[in-house]
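Peer 1: In my numbering, the protein residues as written are 1 to 105. C-beta: ideal position from N, C-alpha, C; glycine also.
#1: Spell out the partners DSSP gives residue 62 in its beta bridges.
#2: Short check: CB of residue 73 to CB of residue 92, under 7 Å?
#3: Which same chain residues, not among the five before or five after residue 37, have their C-beta less than 8 Å away from its C-beta?
#4: Helix, strand or coil: how does DSSP classify residue 4 here?
#5: By alpha-carbon positions, which one of 2, 34, 84 ends up nearest to residue 41?
#6: Taking DSSP's pairing of strands, which residues face residue 75 in a bridge?
#7: Spatial neighbours of residue 64 within its chain, please: CB distance less than 7 Å, with the 5 preceding and 5 following residues excluded, ordered by chain position.
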């Protein structure tokens with residue numbers, strides 16, 4: 001198992017993260033592990049800085065955060081950036097007329 005997956009699975013059971021998860025749920029939020037997959041091995045890999053995961057018409061791709069194609073995409077995932085000491089968007093979803101492409105989730 002990839003180290004990042006093992007760390008995430010172990011960490012989620014700590015009292016500190018359980019308390020954070022309870023608080024997030026009050027806002028309709030949850031916890032996830034931002035990731036992509038190595039194109040050669042398929043193994044989990046962290047999202048590189050400046051890259052966001054984009055869901056468009058039920059397909060996921062990875063684009064630069066400044067790509068104009070995602071300017072109107074809705075942010076649906078966030079991470080803390082230690083370098084800038086701020087919240088950064090890491091997942092965006094492109095909607096079509098209030099829907100998510102082929103399904104409405």
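Peer 2: Looking at the coordinates:
#1: In DSSP, residue 62 forms a bridge with 53.
#2: yes
#3: 43, 44, 45
#4: helix
#5: 2
#6: 92
#7: Taking C-beta separations shorter than 7 Å and ignoring five residues to either side along the sequence, the partners of residue 64 in its chain run 50, 51, following chain order.
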